[in-house]
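Data block below; observations after.
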Amino acid sequence: VVESVEDAYRLANGAPAITSINIGGMKATEDRKQISKAVFVSENDVKMMKELGSKGIELEVRLVPSDIKQNALKLI
Numbered sequence: 001v002v003e004s005v006e007d008a009y010r011l012a013n014g015a016p017a018i019t020s021i022n023i024g025g026m027k028a029t030e031d032r033k034q035i036s037k038a039v040f041v042s043e044n045d046v047k048m049m050k051e052l053g054s055k056g057i058e059l060e061v062r063l064v065p066s067d068i069k070q071n072a073l074k075l076i
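Numbering (UniProt numbering), first residue to last: 1 to 76.
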């Protein structure tokens with residue numbers, strides 16, 4: 001469990017075995033745009049997410065396991 005896209009980015013780059021990352025709740029701030037009910041991302045978050053996606057890492061959005069998985073890259 002990580003607190004930010006930046007943490008996920010560092011983790012994925014340091015652990016090549018990671019193939020999927022769940023982006024859960026990320027709170028709204030002035031510099032963030034909403035991509036789902038509870039996920040708000042900054043321009044820098046979007047940049048890192050796109051880079052992870054280009055490396056074949058699945059980025060999903062859901063708050064709890066019972067939620068339907070959404071492809072984060074299609075939401076940004």
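Ideal placement from N, C-alpha and C gives every residue a C-beta, glycine not left out.
As the structure is a prediction and not an experimental result, all values here were calculated from the model.
Cβ-Cβ separation, residue j to residue i (assumed contact under 8 Å), whole Å
i	j	result
M48	A72	Between A72 and M48 the Cβ distance is about 11 Å, and since that is not below 8 Å, they are no contact.
L63	G24	5 Å
Buried versus exposed, by CB contacts within 10 Å (16 or more), residue i
i	result
I21	buried
A17	exposed
L11	exposed
D31	exposed
Pairwise C-alpha distance: residue j and residue i
i	j	result
S36	L75	7 Å
V41	G14	22 Å
T19	K33	25 Å
E3	V61	14 Å
Which listed residue (the options) has its alpha carbon closest to that of residue i
i	options	result
I57	Y9, V2, S4	Y9
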